[in-house]
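Please read the structure below before turning to the comments.
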Amino acid sequence: MIKYDEKRYETYMQLPNADEVKKHLELKSVLNIVNENPNISQILDIGTATGRYPILFAKKGYEVTGIDISKEALSVASSNIIKEGISDRVNLFQMDATELDFPENSFDLITCMMGTISHVNPDKYEQFLKKVKYLLKPRGFVIISSWDSDCSFTKFLSFYNEQEKIKLKNNSMPAEKFKSLMDSIFPYTKIKNIIPFSDEQMALFQPENEFDAFVDIQEYIYSRTHNKIGQMYLAIGYK
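Residue numbering for the sequence shown follows the UniProt record's numbering, beginning at 1 and increasing consecutively.
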């Protein structure tokens, strides 16, 4: 596991431009999927870090549980949630992603975002995914974002040092290999390439607001050359 102190988590909330565009692209893709699925009430966010996704989901009216193995992350997330005035809709727990301790059929949606899966040893991927399926309600689904180890231009986030980037790459899977694993567990799965652009391309875009700039980002990036294999993909599995 990669460990951070509170200051580093706070740094994550405002990263250099290319990193922020990566965060925007992931968030836009997740929102598109969530908005297409109206029967969502209970959400679990795994590796919640600064509370970015629990805050977003709670503001949309969902009941959210966030877990992270790091007490430093939970401290930052708790502070952010209190500032947003949504403490009544978000519960936070210190918990290992590979040892999820909730009853069967607890959640309509489970998210594991910004490459959190790459903090897990690939030997534990199958165990992790089976537990996620166990926790999903019938017709529930999971959204996982992962760095693609087959991408030749992946730079991860500047937030990571070189040793951490090597670990993340070693823990990541190519999109098709991860889909094969998902297919062995979930009845229906999809893979979506969400960052098919280099950092140099993305650094040129200047987003003004995380929640309002989605259309501008989409128009900007799709007017540029993009790649079949990208830096990050979403894996979606339906129970």
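Note that CB positions come from ideal geometry on N, CA and C, so glycine has one too.
Through-space distance from residue j to residue i, alpha-carbon basis
i: G115; j: N161; result: 15 Å
i: Y12; j: R52; result: 10 Å
i: Q231; j: S145; result: 10 Å
i: I86; j: N80; result: 9 Å
i: I185; j: I236; result: 12 Å
i: C238; j: R139; result: The sequence shown places Tyr at residue 238, rather than the Cys named in the question. Answer to the nearest angstrom: the Cα atoms are 6 Å apart.
i: residue 241; j: W147; result: The shown model of the chain, from 1 to 239, leaves out residue 241, and the question about it has no answer.
i: K7; j: T50; result: 11 Å
i: V76; j: I67; result: 13 Å
i: P38; j: E26; result: 20 Å
i: D88; j: I33; result: 25 Å
i: K179; j: H24; result: 23 Å
i: E72; j: N17; result: 25 Å
i: I166; j: T48; result: 22 Å
i: K83; j: T65; result: 17 Å
i: P187; j: Q94; result: 30 Å
i: I229; j: K190; result: 15 Å
i: D123; j: I117; result: 12 Å
i: Y125; j: E176; result: 15 Å
CB of residue i within 8 Å of CB of residue j, strictly
i: I194; j: L129; result: no
i: residue 242; j: L181; result: This structure cannot speak to residue 242, because the chain is shown only from 1 to 239.
i: N105; j: K137; result: yes
i: S41; j: E10; result: no
i: S78; j: L92; result: yes
i: F107; j: I43; result: yes
i: F102; j: L135; result: yes
i: D199; j: P174; result: no
i: F197; j: L15; result: no
i: K28; j: M202; result: no
i: I143; j: A97; result: no
i: K131; j: L168; result: no
In DSSP terms, what residue i is bridged to
i: A235; result: I144 and I191
i: F93; result: I67
i: L109; result: I43 and F141
i: L136; result: F107
Contact test: residue i Cβ vs the ligand PLP heavy atom, cutoff 7 Å
i: L74; result: No copy of the ligand PLP appears in this structure; indeed no ligand is present at all.
Inset, instruction - Assess, as a yes-or-no matter, whether the segment 95-113 is touched by the segment 53-72 under the definition of 3 or more beta carbon pairs within less than 8 Å. - result: With a cut-off of 8 Å, the segment 95-113 and the segment 53-72 count as touching, because enough Cβ pairs lie within range.
Inset, instruction - List in chain order: all unbroken alpha helix (DSSP H) runs of 4+ residues lying wholly within the segment 6-39. - result: 6-12 and 17-35
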